[in-house]
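Residue numbering for the sequence shown follows the numbering used here, beginning at 59 and increasing consecutively.
We put the CB at the ideal spot given by N, CA and C, even for glycine.
Here the structure is laid out as structure tokens; the discussion comes afterwards.
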Amino acid sequence: MAAPGVPPPDIVRCAYMELVVTDLAASREFYVGLLGLHVTLEEPGAIYLRTLEEFIHHNLVLREGPVAGAAVAAFRVRTPADVDAAQAYYQGLGCRTERRRDGFVAGIGDAVRVEDPLGFPLEFFYEAAHVERLTRRYDLTGAGELVRLDHVNLVTPDVPRGQNYLEGLGFRVSEDIQDSDGTTYAVWMHRTQTVHDIALTGGAGPRMHHLAFATHEKHNILHICDKMGALRISDRIERGPGRHGVSNAFYLYVLDPDGHRVEIYTQDYYTGDPDNPVLTWDVHDNQRRDWWGNPVVPSWYTEASPVLDLDANPRPLSKPAGASEQAVTVGADGFSYTRSPGGEGTELGFKLGDQL
């Protein structure tokens, strides 16, 4: 899916998320007090936060409102002209767009926001205020330091359609989940040299499944777990810590006061070569979600944040149909083996073994 005859913008990375929260003070305590994000700016009704390695104004905007939801996923583009390209591209797709030369939020200049073909609110910008990168501010950093905004995972009823659309924007697949008939259940896609900047998961949508921040090491994630235990808020740990099969990353999923899911993520791998191979997982392999074979809590499949349109209203949901509906059901409930039914390992294991 691409705008006929209109080149897409050159996307650099997923740069920031804007979330609507219902209690800004409670959300501040979660993201700053617990997770250790650094405050760039506070203003009435909003707070702007950034990670350790960030040099642009923010990676996360928390804005107080009556209904919690994901307001925008914002992507930085390579040049100012790519903001024009983004506007033209989405107009060519027949999508609603809104342009603000002074930006939609503090610290961001000329930007365009769109309601994309999957129903997600996206922003494209180049101009951004620079702030101090805190990598050498050891006086300000903690043991669980979050170093960058890594990715966003979105729920859509038609993953193949979403994959086609994102490939039109220049994203490439690193890993996916399929069955023997070639039905795609979920896909991980990247513009940077990591496993993914954006992922699509099958289900009723549009919704935001989670946003993810990276740490340097596993011990940073374990410190957050210890801290949550000490604060008696371990009930906000939804999954993990554990090791993903998909992406190979060490992970933890926690829920903020409004139920927005946040992944803390580390140790995926380099994908920057043009011939980086796609790794396909069997949907029935119970190591794809958790390498250790641990079951996944039902909420991880059923719960996700609503997304908002450009007028800040929750988007209505569409449910998967036909094969897509089956894909979601089997994707959630299809754990059936670690070792393949007639062999000594998974199909993944055989593929890797053949290369050794």
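Assuming Val205 and His274 make a contact with CB atoms under 8 Å, what is their CB distance in whole Å?
-> Residue numbering aside, residue 205 sits at position 147 when the sequence shown is read from its first letter. Residue numbering aside, residue 274 sits at position 216 when the sequence shown is read from its first letter. Right, their Cβ atoms sit about 6 Å apart.
Leaving out five residues on either side along the sequence, give the residues of the same chain with a beta carbon under 6 Å from the beta carbon of Ser305.
-> The sequence position of residue 305 within the sequence shown is 247, counting from 1. Counting only Cβ-Cβ distances below 6 Å, and skipping sequence neighbours, we find Val253 and Asp326.
Pairwise C-alpha distance: Asp174 and Pro66 | If you number the sequence shown from 1, residue 66 lands on position 8. If you number the sequence shown from 1, residue 174 lands on position 116. One C-alpha to the other measures close to 13 Å.
Of all the CB atoms in chain C, is at least one closer than 8 Å to the CB of Lys276?
-> Structure shown: chain C not included; a single protein chain is present.
DSSP bridge partner residues for Cys153 (one or two, in chain order) | For this step, residue 153 is matched to residue 95 along the sequence shown. According to DSSP, Cys153 bridges with nothing at all.
Please classify Leu77: does DSSP put it in a helix, a strand, or coil?
-> The residue labelled residue 77 in the question sits at position 19 within the sequence shown. Residue state, collapsed to three classes: strand.
For Asp216, is the classification buried or exposed, using 16 other Cβ atoms within 10 angstroms of its Cβ as the cut-off for buried?
-> Position 158 of the sequence shown holds residue 216. Asp216 comes out buried.
For Gln221, does the three-state DSSP call read helix, strand or coil?
-> Counted from its first residue, the sequence shown places residue 221 at position 163. Gln221: helix per DSSP, three-state reduction.
Which of helix, strand or coil does DSSP assign to Ala84?
-> Position 26 of the sequence shown, counted from the start, is the residue given in the question as residue 84. The answer is helix: DSSP assigns Ala84 an H, G or I state.
For the region 329-376, which segments carrying the alpha helix (DSSP H) assignment without a break, of at least 4 residues, lie completely within its bounds, in sequence order?
-> 357-360
Going by DSSP, which residues form a beta bridge with Tyr309?
-> Sequence index remark: in the sequence shown, residue 309 carries index 251 (1-based). Paired residues: Gly300 and Tyr323.
Which residue's Cα is closest to the Cα of Ser238: Asp369, Thr137, Gly123 and His342?
-> For the purposes of this step, residue 238 is taken as residue 180 along the sequence shown, with counting starting at 1. Here the closest residue by C-alpha is His342.
Entirely enclosed alpha helix (DSSP H) segments - the region 248-295, minimum 4 residues | 276-288
Terminal residues of the beta strand (DSSP E) in which Thr98 lies | Numbered from 1 along the sequence shown, position 40 holds the residue referred to as residue 98. Its beta strand (DSSP E) spans residues His96 to Glu101.
Out of curiosity, what's the CA-to-CA distance linking Trp358 and Trp339?
-> Translated into the one-based positions of the sequence shown, residue 358 becomes position 300. Translated into the one-based positions of the sequence shown, residue 339 becomes position 281. Computed Cα separation, rounded: 19 Å.
Residues in its own chain within less than 6 Å of Gly263 by CB, not counting five upstream and five downstream?
-> As a first step, residue 263 is located in the sequence shown; it is residue number 205 there, counting from the start. Around Gly263: Val213, Thr214 and Pro215.
Determine, using beta-carbon pairs with one atom in the region 364-376 and one in the region 292-309, whether at least three such pairs fall under 8 Å.
-> no
Less than 8 Å between the CB atoms is what I'm expecting for Asp168 and Arg159, so what's the real figure, rounded?
-> For the purposes of this step, residue 168 is identified with residue 110 of the sequence shown, where counting begins at 1. For the purposes of this step, residue 159 is identified with residue 101 of the sequence shown, where counting begins at 1. Sure, about 5 Å apart at Cβ, within 8 Å.
Please name the residue, chosen from Gly228, Arg249, Gly103 and Met247, that lies closest to Leu52 on a Cα-to-Cα basis.
-> With the chain represented from 59 up to 414, any question about residue 52 goes unanswered, as that position is not in the structure.
Applying the criterion that 16 or more other CB atoms from any shown protein chain within 10 Å of the CB defines a buried residue, is Pro62 buried or exposed?
-> To locate residue 62, count along the sequence shown from 1; it is residue 4. Burial call: exposed.
Expressed to the nearest angstrom, what Euclidean distance is found between the alpha-carbon atoms of Lys285 and Leu92?
-> The residue given as residue 285 occupies position 227 in the sequence shown. The residue given as residue 92 occupies position 34 in the sequence shown. Going from the Cα of Lys285 to the Cα of Leu92 covers about 8 Å.
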